[in-house]
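Peer 1:
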Amino acid sequence: MAQVKMCSPRCELFKCGKNAAVFRRDGVWCRWTEDMCNVANCSYALCVKRRLLPRGVCGETIKRKTVEKQPEEVVGPGIRLRGRALRKIGEKELF
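For the sequence shown, this note's numbering gives the first residue as 74, with consecutive numbering after it.
Written out as structure tokens, the structure is:
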């Protein structure tokens, strides 16, 4: 998973949204466009695992970027309540 790979119609997880993909000896033929299947430019190309990214990039080959956040960053300033909401909840500040 070191480098990004392009999705191909020969992948077992690839699916054509129009059911127009026909497997031939020389490649995968699209009956909808009457041309070879091009995953990067096709709007009907799907991935069974929902990993197909724009420009035909396979999401299975990309490592996610994660960032650890401190609890102070996640919890914002409190919300002041008044009126009906205050009576229902019973607290003046909500986090």
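Idealized CB from N, CA, C, for every residue including glycine. For clarity, every value in this text was computed on a predicted model and none was experimentally measured.
Are the CB atoms of A93 and C103 within a distance shorter than 8 Å?
Peer 2: yes
Peer 1: Could you give the DSSP three-state label for I21: helix, strand or coil?
Peer 2: Residue 21 falls outside the range modelled here, since the chain spans only 74 to 168, and no answer is possible.
Peer 1: Can you look up R153 in the DSSP assignment and give me helix, strand or coil?
Peer 2: strand
Peer 1: Over the uninterrupted beta strand (DSSP E) stretch that includes L119, give me the two end residues.
Peer 2: A118 to C120
Peer 1: Measuring only the C-alpha atoms, how far is L126 from R98?
Peer 2: Straight-line Cα distance between these residues: approximately 27 Å.
Peer 1: On the DSSP letters alone, give me the boundaries of the beta strand (DSSP E) that R103 sits inside.
Peer 2: According to the sequence as given, residue 103 is Cys; it is not Arg. Unbroken beta strand (DSSP E) run through C103: V101 to C103.
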